[in-house]
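**Q** So that we are looking at the same thing, I have put the structure below in structure tokens.
Set out below in structure tokens:
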């Protein structure tokens, strides 16, 4: 058995990277998309991992684990989405990429797999982002009616009505909000 | 902007560890639980990260990202759950802990937060496992009716009827399976 000493660093090598991520602010294509779900990102695993993808196409959704390599700050307390109308909360209570270990996970729709390239809808990582892992999204990842924080609920209600989640991304989110 | 060279290693330090995980095979307490959802695991963040937990108690479910430190093998093709009746698939199409980067993610129910300790239901990590991150489970993590692979669907149907998921873990999984 391997004993991990808790002061040791844990090191990984990327398994691939984002070839083409969502357009950044200033990119003219940015105006064409209203949310990350309007864009199909292209990601690629390194050739040595191509065989690890076998059978992944049996799943409609996957989880992409990526390294927020542009994250520098690691504040312990943040305002979600950097918005001044949001409360100050611990970074572990948010999905901010600026966190002690800048590991991000995104649930995305798998559009295609072509050799070592995957097309995924809903990824909010920039071009060049290193990928740490890819996993299938299974029924164990579904919690149908989780309780969420007031600030998150407020944000979701704004977004889902403005961006019309219900119609455009019909599988996303809880069946109803009470 | 930070440029990550794709050959570079990506290193993290644990933010905490599992104080008491699910009993392993051979542990007499193992007989008392039929699944990981019957057990409340105790996890702890290091004191320096205690403030990062502020506000996390507004969420009923959280995502725990952990390092499978006992994983040694990194096969590219595996049979899910190590079962001979399962097809051979790429490891990225499974949730096996034996993968190129042994990063595991578990959606768990948050039972309590007491200082730097959290009680969580549904974690399948052993005692001593290093934690890489903790995140809230939000509506963006819910896909209500994902398509899953045939082998997964077979496994889920077996488990959910045998362990009575519907009654014991009423929020878990899709509303109905078609």
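Chains as they are written, first to last, in the working numbering: chain A, 1 to 178; chain B, 1001 to 1178.
Even glycine gets a Cβ: it sits at the ideal position worked out from N, Cα and C.
The structure presented is a predicted model; accordingly, all values stated were derived computationally and were not measured.
Check whether the stretch 155-162 of chain A touches the stretch 1091-1104 of chain B, counting contact only when three or more Cβ pairs, one atom from each stretch, lie closer than 8 Å.
**A** In short, these stretches do not touch, since the Cβ pair count stays below three.
**Q** Which residues of the stretch 11-27 of chain A have a Cβ closer than 8 Å to any Cβ of chain B? Give them in chain order.
**A** Listed in sequence order: 11, 12, 13, 14, 15, 17.
**Q** Is there a Cβ from chain B that is less than 7 Å from the Cβ of residue 56/A?
**A** Yes - at least one Cβ of chain B is within 7 Å of the one on residue 56/A.
**Q** Opposite residue 1120/B in the DSSP bridges: which residues?
**A** In DSSP, residue 1120/B forms a bridge with 1041/B, 1110/B.
**Q** Quick one: which chain A residues come within Cβ less than 9 Å of residue 1152/B?
**A** Correct list: 58, 59, 136, 138, 139.
**Q** Per DSSP, residue 10/A forms a beta bridge with which residues?
**A** DSSP lists 1012/B as partners of residue 10/A.
**Q** Tell me whether residue 56/A sits in a helix, a strand or coil according to DSSP, three-state version.
**A** Helix at residue 56/A.
**Q** Assign residue 1/A to buried or exposed, taking buried as 16 or more other Cβ atoms, counted over all protein chains shown, within 10 Å of its Cβ.
**A** Annotation note: pLDDT 47 at residue 1/A (below 50); position unreliable, no value reported.
**Q** When burial is assigned at 16 or more other CB atoms within 10 Å of the CB, is residue 72/A buried or exposed?
**A** It counts as exposed.
**Q** Nearest-angstrom Cα distance between residue 1028/B and residue 48/A?
**A** Taking the straight line from one Cα to the other gives about 42 Å.
**Q** How long is the line joining the alpha carbons of residue 1145/B and residue 1036/B, rounded to whole angstroms?
**A** Taking the straight line from one Cα to the other gives about 23 Å.
**Q** Which of the three DSSP states is assigned to residue 132/A in this structure?
**A** Here residue 132/A sits in strand by DSSP.
**Q** Would residue 1126/B count as contacting chain A if we go by Cβ distances under 7 Å?
**A** Not an interface residue.
**Q** With C-beta atoms as the reference, is residue 108/A less than 7 Å away from residue 120/A?
**A** A contact, by the Cβ cut-off of 7 Å.
**Q** Of all the options 1158/B, 1150/B, 1132/B, which has the alpha carbon lying nearest to the alpha carbon of residue 1010/B?
**A** Nearest option by C-alpha distance: 1132/B.
**Q** Going along chain B, which residues have a C-beta under 8 Å from residue 119/A?
**A** By Cβ distance, chain B contributes nothing, its closest Cβ being about 15 Å from residue 119/A, past 8 Å.
**Q** What's the gap between the Cα of residue 142/A and the Cα of residue 1142/B?
**A** Spanning the two alpha carbons is a distance of roughly 6 Å.
**Q** What are the residues that DSSP puts in a beta bridge with residue 66/A?
**A** Answer is 104/A, 131/A.
**Q** Cα separation between residue 177/A and residue 1116/B?
**A** Between residue 177/A and residue 1116/B, the C-alpha separation is close to 31 Å.
**Q** Between residue 68/A and chain B, is there a C-beta pair that is closer than 7 Å?
**A** No, residue 68/A lies away from the interface with chain B (no Cβ there is under 7 Å from its Cβ).
**Q** Across which residues does DSSP place residue 17/A in a beta bridge pair?
**A** Residue 17/A is bridged to 44/A, 130/A.
**Q** In whole angstroms, what separates the C-alpha of residue 14/A from that of residue 68/A?
**A** Each residue's alpha carbon lies about 12 Å from the other.
**Q** When the Cα atoms are used, what is the spatial distance from residue 170/A to residue 63/A?
**A** One C-alpha to the other measures close to 18 Å.
**Q** List the residues of chain B that residue 51/A touches, going by C-beta distances under 7 Å, in chain order.
**A** Residues of chain B passing the Cβ test: 1076, 1077, 1090.
**Q** Quick check: the Cα distance between residue 1140/B and residue 130/A, rounded to an integer number of angstroms?
**A** Straight-line Cα distance between these residues: approximately 22 Å.
**Q** In angstroms, rounded to a whole number, what distance separates the CA positions of residue 1019/B and residue 25/A?
**A** Roughly 43 Å between the two C-alpha positions.
**Q** Check the Cβ of residue 1065/B against every Cβ in chain A and list those closer than 7 Å, keeping chain order.
**A** Neighbours of residue 1065/B on chain A, chain order: 103.
**Q** What is the residue span of the alpha helix (DSSP H) that residue 1166/B lies within?
**A** Taken as a continuous stretch (DSSP letters only), the alpha helix (DSSP H) holding residue 1166/B covers 1165-1168.
**Q** Rounded to whole angstroms, what is the Cα-Cα separation between residue 85/A and residue 78/A?
**A** Whole-angstrom Cα-Cα distance: 12 Å.
**Q** What does residue 1031/B touch in chain A if you count any residue whose Cβ is under 8 Å from its own?
**A** Residues of chain A passing the Cβ test: none, with the nearest at roughly 22 Å.
**Q** I want to verify the contact list: residues of chain B whose CB lies under 8 Å from the CB of residue 149/A, in sequence order.
**A** Those are 1055, 1058, 1059, 1136, listed as they occur along chain B.
**Q** Can you find a C-beta in chain B that's less than 7 Å from the C-beta of residue 113/A?
**A** No, no contact with chain B.
**Q** Just tell me which of 1045/B, 1031/B, 1051/B, 1154/B has its CA closest to the CA of residue 90/A.
**A** Among 1045/B, 1031/B, 1051/B, 1154/B, the Cα nearest to that of residue 90/A belongs to 1051/B.
**Q** Does the Cβ-Cβ distance between residue 59/A and residue 136/A come in under 7 Å?
**A** Taking 7 Å as the Cβ cut-off, residue 59/A and residue 136/A qualify as a contacting pair.
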